[in-house]
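What follows is one structure encoded as structure tokens, with my remarks underneath.
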Amino acid sequence: MKFGLIGNPNVGKSLIFNLLTGIGVEISNFPGTTIDMFSGNVCYQREKFEIVDFPGIYSLDGVSEEESEVRKCLINKDVDILIAVLDAAHLERNLYLLLQIAEFEIPTVVLLNMTDEAEKSGLFIDAEKLSEIFNCEFLKTAAIEGRNVDKIIPLALNDAKVPKYKVPYDSHIEAAVRSLQKISGCKRIEALYALEEIGDDTELLDSAKTIAEEIEEQHKMSVHQIIAANRHNIAGKISDEVSKKDKKTTSANLDRLLTRTFPGVPIMAAVLLSTLLCVFIVGSFLEETIVGLFDVYLIEPLFTLGLSPFWEQILYSLLIAVEAGLGIAFPFVFVFYIIISVLEDTGYMTRAAFLADRAMHRVGMHGQALIPMVLGFGCNVPALMSIRQLSKRERFIASFLITMVPCSARTVIIAGIVAVFVGITAALSIYLIVFILIFLTGLVLTKVAPGEQFGMILEIVPMRRPRVKQTLKRAWLHMKEFLFIAMPLLLVSSVFLGVLQYTGVIQAFQDIFAPLMLSLLGLPDYASTSLLFGILRKEMAFETLAILAGTADLGSVMTSAQLYIFAVVSVLFVPCVSTIAVLYKEMGLKIAAVISFYTLCLGIIAGIILNLIFSLV
Numbered sequence: 061m062k063f064g065l066i067g068n069p070n071v072g073k074s075l076i077f078n079l080l081t082g083i084g085v086e087i088s089n090f091p092g093t094t095i096d097m098f099s100g101n102v103c104y105q106r107e108k109f110e111i112v113d114f115p116g117i118y119s120l121d122g123v124s125e126e127e128s129e130v131r132k133c134l135i136n137k138d139v140d141i142l143i144a145v146l147d148a149a150h151l152e153r154n155l156y157l158l159l160q161i162a163e164f165e166i167p168t169v170v171l172l173n174m175t176d177e178a179e180k181s182g183l184f185i186d187a188e189k190l191s192e193i194f195n196c197e198f199l200k201t202a203a204i205e206g207r208n209v210d211k212i213i214p215l216a217l218n219d220a221k222v223p224k225y226k227v228p229y230d231s232h233i234e235a236a237v238r239s240l241q242k243i244s245g246c247k248r249i250e251a252l253y254a255l256e257e258i259g260d261d262t263e264l265l266d267s268a269k270t271i272a273e274e275i276e277e278q279h280k281m282s283v284h285q286i287i288a289a290n291r292h293n294i295a296g297k298i299s300d301e302v303s304k305k306d307k308k309t310t311s312a313n314l315d316r317l318l319t320r321t322f323p324g325v326p327i328m329a330a331v332l333l334s335t336l337l338c339v340f341i342v343g344s345f346l347e348e349t350i351v352g353l354f355d356v357y358l359i360e361p362l363f364t365l366g367l368s369p370f371w372e373q374i375l376y377s378l379l380i381a382v383e384a385g386l387g388i389a390f391p392f393v394f395v396f397y398i399i400i401s402v403l404e405d406t407g408y409m410t411r412a413a414f415l416a417d418r419a420m421h422r423v424g425m426h427g428q429a430l431i432p433m434v435l436g437f438g439c440n441v442p443a444l445m446s447i448r449q450l451s452k453r454e455r456f457i458a459s460f461l462i463t464m465v466p467c468s469a470r471t472v473i474i475a476g477i478v479a480v481f482v483g484i485t486a487a488l489s490i491y492l493i494v495f496i497l498i499f500l501t502g503l504v505l506t507k508v509a510p511g512e513q514f515g516m517i518l519e520i521v522p523m524r525r526p527r528v529k530q531t532l533k534r535a536w537l538h539m540k541e542f543l544f545i546a547m548p549l550l551l552v553s554s555v556f557l558g559v560l561q562y563t564g565v566i567q568a569f570q571d572i573f574a575p576l577m578l579s580l581l582g583l584p585d586y587a588s589t590s591l592l593f594g595i596l597r598k599e600m601a602f603e604t605l606a607i608l609a610g611t612a613d614l615g616s617v618m619t620s621a622q623l624y625i626f627a628v629v630s631v632l633f634v635p636c637v638s639t640i641a642v643l644y645k646e647m648g649l650k651i652a653a654v655i656s657f658y659t660l661c662l663g664i665i666a667g668i669i670l671n672l673i674f675s676l677v
């Protein structure tokens with residue numbers, strides 16, 4: 061038995077999937093976050109059932125990758141029972157999708173989720189009346205509270221029914237559907253899609269095209285527009301019948317503050333600045349505490365053990381790597397993801413995207429592209445994967461700009477090197493430099509990028525109070541990647557570095573690039589090795605620097621100018637291997653190579669200019 065979770069983006073579908081299966085699927089208020097299908101198992105009465113979490117979609121007759129994939133699954137009956145998740149606070153829009161789901165004639169149960177939010181705003185939905193209209197079961201849930209989640213599987217197993225409601229389409233559409241069914245013997249849903257030029261049956265599509273042209277000539281609008289209008293009208297009518305509004309909500313007043321130029325822009329700037337300052341201040345405090353403990357209890361006693369020079373070098377490199385990872389990188393990354401999780405949970409991100417729409421148009425994109433850009437502050441990899449929802453032109457521009465966004469790994473470099481050893485003001489100035497370069501790059505790309513620029517359709521999700529458990533859980537999902545992927549890679553690399561350093565290979569490599577490092581960038585010879593390892597993972601540039609410098613106290617072996625230049629070059633330098641791989645997958649080899657070469661040149665040129673400035677001061 062296989063269940064399929066289906067619904068609009070941001071209706072709590074992935075949270076329900078997480079609660080039912082226990083799998084750590086990321087829950088987000090970002091539209092289009094769930095791009096791939098996730099599958100998990102749930103046990104009920106000693107039987108195992110599979111649950112598929114479909115991507116969040118608004119319609120089943122679109123041409124996007126997500127809509128096409130879900131439509132194909134429903135046509136092929138790849139699931140036995142559908143669990144449709146609706147947002148009770150936005151019932152009309154969600155009913156539009158439910159009306160389409162009903163046309164596939166698959167046993168269905170419907171969850172009216174977020175009823176807690178709807179009721180707080182004074183909106184009450186008559187679930188019994190909806191059950192009568194659609195002839196299937198409706199269950200009120202509040203997934204974030206766990207309300208009625210335990211009833212979902214029993215209800216789906218015992219009471220799932222094929223929804224009987226059929227949309228009464230325009231008389232010409234209904235006549236066309238009947239004609240196509242008689243001609244080809246197809247199902248009703250296949251005839252409807254054929255009229256919208258969707259399907260694989262060439263003969264059916266040819267017949268439908270002839271009929272569709274006649275209908276469009278009579279109505280002066282496309283068949284797709286006629287069908288969509290009919291569904292919207294019915295969805296609105298049903299919503300009015302089953303909804304009761306008792307009181308006004310204050311969220312509209314809050315939205316007016318957050319989405320207007322004033323005070324919206326100052327608020328957004330304050331949120332960004334506060335986030336960075338919090339990461340720097342709290343992360344620096346945690347770093348100082350952890351590094352101090354490492355030095356006193358682990359590193360200093362190492363030299364009293366009387367080990368051979370080889371093993372002393374290996375163990376020292378290993379301890380420095382652990383100190384750099386857990387003592388320096390981890391505090392900054394953890395604090396960053398805690399804050400980002402809070403902002404996601406509150407729903408502020410979509411309001412920031414709306415506010416940024418006009419500014420984003422300056423660099424050839426619309427406000428919704430801000431969401432992948434913000435995701436890039438966490439990690440460029442998922443940010444690049446989320447640009448699939450953008451147009452071809454916007455994907456081209458976004459792929460350049462996202463790879464330049466300071467991700468959490470680059471934040472470790474900025475915070476751990478500059479904020480700690482140079483100063484917080486200097487660290488913030490690096491962000492300013494990067495943002496200016498991103499803006500200038502966008503201005504150039506918007507002139508040369510092919511294609512047409514489109515407007516924005518963005519759902520403003522409700523403002524919510526963040527929940528500690530959910531916030532910590534999401535932060536932990538990000539931390540697992542750092543602890544179980546980055547840390548092992550760092551430890552293995554540190555041992556490898558220790559061996560190379562003991563045998564003199566590292567020194568030989570550094571001697572080759574020493575003139576370039578010193579004359580052009582003003583950096584010590586071991587900086588070249590650090591930049592090279594930074595291509596594996598960005599934070600490794602910093603951690604490798606600490607290993608090769610022989611101390612985590614970088615301020616004692618490098619000047620403030622050198623630390624600043626190294627941080628800027630590392631942040632702008634070639635993106636990490638994972639980012640390059642995703643660029644290749646999403647945009648192709650040519651664009652991945654061009655972006656890598658562009659960032660390489662950008663980092664070196666920025667370092668040369670800064671070195672000239674510091675040498676003149």
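Just so we're aligned, residue 61 is where the sequence shown starts under the working numbering, counting upward by one. All C-beta atoms in this analysis are idealised placements derived from N, C-alpha and C, irrespective of residue type, glycine included. Model, not experiment: these values are computed from the prediction.
{"query": "Counted within 10 angstroms of its Cβ, other Cβ atoms place E256 as buried (16 or more) or exposed", "result": "buried"}
{"query": "Proximity of I473 and A587 at Cβ, strictly below 8 Å", "result": "no"}
{"query": "Straight-line gap, L171 to T201 (C-alpha atoms, nearest Å)", "result": "6 Å"}
{"query": "Cβ-based burial, K242 [other Cβ within 10 Å; buried from 16]", "result": "exposed"}
{"query": "Nearest to I462 (by Cα), restricted to the options V382, S656, W371", "result": "S656"}
{"query": "Backbone secondary structure at N136 - three-state DSSP", "result": "coil"}
{"query": "Three-state class that DSSP yields for A678 in the structure shown", "result": "Here the chain has residues from 61 to 677 only, and residue 678 is not among them."}
{"query": "Beta-carbon contacts of L151 that lie in its chain and below 7 Å, excluding the five residues immediately before and after", "result": "I185, S299, S303"}
{"query": "Residue range of the alpha helix (DSSP H) that includes Y491", "result": "484–508"}
{"query": "Beta strand (DSSP E) runs wholly inside the segment 277–357, at least 3 long, in chain order", "result": "303–305"}
{"query": "DSSP-derived helix/strand/coil call for R207", "result": "strand"}
{"query": "Buried versus exposed, by CB contacts within 10 Å (16 or more), E277", "result": "exposed"}
{"query": "Nearest to L379 (by Cα), restricted to the options S553, M523, I669", "result": "S553"}
{"query": "Cβ neighbour criterion (16 or more within 10 Å) applied to C246", "result": "buried"}
{"query": "Closest by C-alpha distance to L632, when choosing among E646, I665, M328", "result": "I665"}
{"query": "Spatial distance of F414 from A609 (CA atoms)", "result": "46 Å"}
{"query": "Cβ contact check for the segment 394–403 and the segment 348–362: 3 or more pairs under 8 Å", "result": "no"}
{"query": "Cβ shell of A621 (< 6 Å), same chain only, five flanking positions each side left out", "result": "F674"}
{"query": "Assigned exposure category for E454 - 16 Cβ within 10 Å defines buried", "result": "buried"}
{"query": "Neighbour-count burial assignment, P228, 16 or more Cβ in a 10 Å radius", "result": "exposed"}
{"query": "Buried versus exposed call for C661 [16 or more other C-beta atoms within 10 Å across all chains shown]", "result": "exposed"}
{"query": "Outcome for N136 when other beta-carbon atoms lying within 10 angstroms are tallied against a minimum of 16", "result": "exposed"}
{"query": "Beta-carbon gap between Y253 and D121 smaller than 8 Å", "result": "yes"}
{"query": "Reduced DSSP category for G259 - H, G, I as helix; E, B as strand; rest coil", "result": "coil"}
{"query": "For D147: DSSP bridge partner residues", "result": "N173"}
{"query": "Cβ pair L199, I212 closer than 8 Å", "result": "yes"}
{"query": "Close beta carbons around T406, own chain, < 7 Å, minus the five adjacent residues each side", "result": "M523, R524, P526"}
{"query": "Inter-residue Cα distance where the pair is L578 and V71", "result": "55 Å"}
{"query": "Start-to-end residues for the beta strand (DSSP E) that takes in E107", "result": "107–113"}
{"query": "Close Cβ partners of V331 (< 8 Å) along its chain, the five nearest in sequence each way excluded", "result": "L403, Y408, A412"}
{"query": "Span of the alpha helix (DSSP H) around N218", "result": "212–219"}
{"query": "Buried/exposed call for D585, threshold 16 Cβ in 10 Å", "result": "buried"}
{"query": "Per-residue DSSP class, three states only, for L159", "result": "helix"}
{"query": "Whole-number beta carbon distance between I625 and G667, since they are thought to touch under 8 Å", "result": "5 Å"}
{"query": "Straight-line Cα distance separating I66 from Y104", "result": "21 Å"}
{"query": "Assigned secondary structure, N101 (DSSP; H/G/I helix, E/B strand, else coil)", "result": "strand"}
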